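Below: the structure, in structure tokens.
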Amino acid sequence: MALVNSLEVLKSLSDATSELIKKTSQSTVAVKAQMSRGTGVVLTRDGYVVTCNHVLAGCGSIKIGRDEKIVNAKIVGVDPYNDIALLKAERGEYTPIEFGDSEKLNVGQYVLALANPFNRDQPTATSGMITSVHSSIRGWRGATALENVIATDAQLNPGFSGGPLIDTQGRLIGLNTAYVWQRGIAIPANKVKAITDRLLTGKTPQRGYLGIIANTVAIPDEIQEQAGLEQDTGVMIFSVEAGSPARKAGLAMGDVLVKFNGKPVSDFTDLPRLLQEDVVGKETKLTIIRRETLLDTTVIPTVHGGEED
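Quick note on this note's numbering: the sequence shown kicks off at 292 and runs consecutively.
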């Protein structure tokens, strides 16, 4: 009897998973750029589609495929800092995906990841569970690539970028973007919606601005120990623009920025990722090293308008 019950549970789980994949595949499209392939998620019936910006690298012409049919598409807008691109199919009627609330996710939650980069009659799918809901993905020398992303143990193969990460109700909870260190990485659905809503209105992504020119420097061992720092690099300020938020906050040439709102700053490329739209106009805590002393100060970033950070 126990074996029969176990088999029934397995069959029920298998059937439910297949139904979820079938349902979500209607909102999943192939995205083909000139030099790459990926997946996209349908947002509206008239063919607005979200995918990852890196899928469009060297794009040239862009095509969207669904049900083995292919149509041309155009770029509506991109947010390269969050790896999101919004496309519009030239024609056709589509099935939009239902959004879930990525703020209500929990570690251990069962998820499915879908992809269909080659526009086949059935998508590719993998499953797993959420391993972290507020991960940061870091690259060379610790530079932050993406903040506050969802990490799962679902394996993402080439072509999964831009595809949906769904919950057990078939709702979009994330946009798959990378597979690093044996973790599937997805941009939270709430962030995807906020960014695509802005792009739909023609608004370009905004980034915070400090008004500094800076670069990565090593922090001497003795200063690390004295300041109680776990990082061995920071960002030294070489120039502060007159009248800028940094100047108003009292930052000066020679200061070494090591934390931004409590988050480590170990590489100059961390700053564009940390200076997101949500910090614009808000008091932000900075931790700096000045003359071998660790100091806290506050700055109010404005809207980015140039090449400096």
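Glycine included, C-beta positions come from ideal geometry on N, C-alpha and C.
The structure presented is a predicted model; accordingly, all values stated were derived computationally and were not measured.
In the three-state scheme derived from DSSP, where H, G and I count as helix and E and B as strand, lysine 550 is classed as strand. Per the DSSP secondary-structure output, lysine 576 pairs in a beta bridge with Thr589. At the C-beta level, isoleucine 464 and alanine 480 come within 8 Å of one another.
With 16 or more other Cβ atoms inside 10 Å of its own Cβ, proline 555 counts as buried. Per the DSSP secondary-structure output, valine 571 pairs with nothing in a beta bridge. With contact defined as three or more Cβ pairs closer than 8 Å, the stretch 344 to 353 and the stretch 322 to 329 are in contact. Within the same chain, Cβ atoms closer than 6 Å to the Cβ of threonine 593 are found at Tyr500, Pro536, the five residues on either side in sequence being excluded. Taking every protein chain shown into account, the CB of threonine 459 has fewer than 16 other CB atoms within 10 angstroms, so this residue is exposed.
Counting along the chain, the unbroken alpha helix (DSSP H) around leucine 490 starts and ends at 480 to 491. Collapsing the DSSP output to three states places leucine 562 in a helix.
Per DSSP, aspartate 512 is one residue of the alpha helix (DSSP H) stretching across 512 to 518.
The continuous beta strand (DSSP E) containing alanine 469 extends over residues 463 to 471. Taking a cut-off of 8 Å for Cβ pairs, the stretch 536 to 545 and the stretch 477 to 491 do not touch, as fewer than three such pairs fall below it.
For lysine 360, the enclosing beta strand (DSSP E) begins and ends at 360 to 370. Residue pairing from DSSP places glycine 419 in a beta bridge opposite Val402. About 32 Å separates the Cβ atoms of isoleucine 510 and aspartate 370, ruling out a contact at the 8 Å cut-off. Judged by DSSP secondary structure, lysine 323 falls outside any alpha helix (DSSP H) and instead within the beta strand (DSSP E) spanning 319 to 323. Distance from the Cα of valine 531 is smallest, within the candidate group Thr386, Glu521, Gly545, Thr560, for Gly545. Counting C-beta pairs closer than 8 Å gives three or more between the stretch 359 to 376 and the stretch 487 to 496, which meets the contact rule.
When rounded, the separation of the alpha-carbon atoms in alanine 406 and threonine 589 is 44 Å.
In terms of Cβ geometry, valine 471 and isoleucine 421 do not form a close pair [threshold 8 Å]. In terms of CA proximity to tyrosine 372, Gln567 leads the group Leu577, Arg582, Gln567. Linking threonine 524 to glutamine 413 through their CA atoms gives a straight-line distance of about 48 Å. For proline 455, the enclosing beta strand (DSSP E) starts and ends at 455 to 457. Taking a C-beta distance under 8 Å as the contact criterion, valine 398 and valine 440 do not qualify as a contact pair. For alanine 537, the enclosing alpha helix (DSSP H) begins and ends at 536 to 539.
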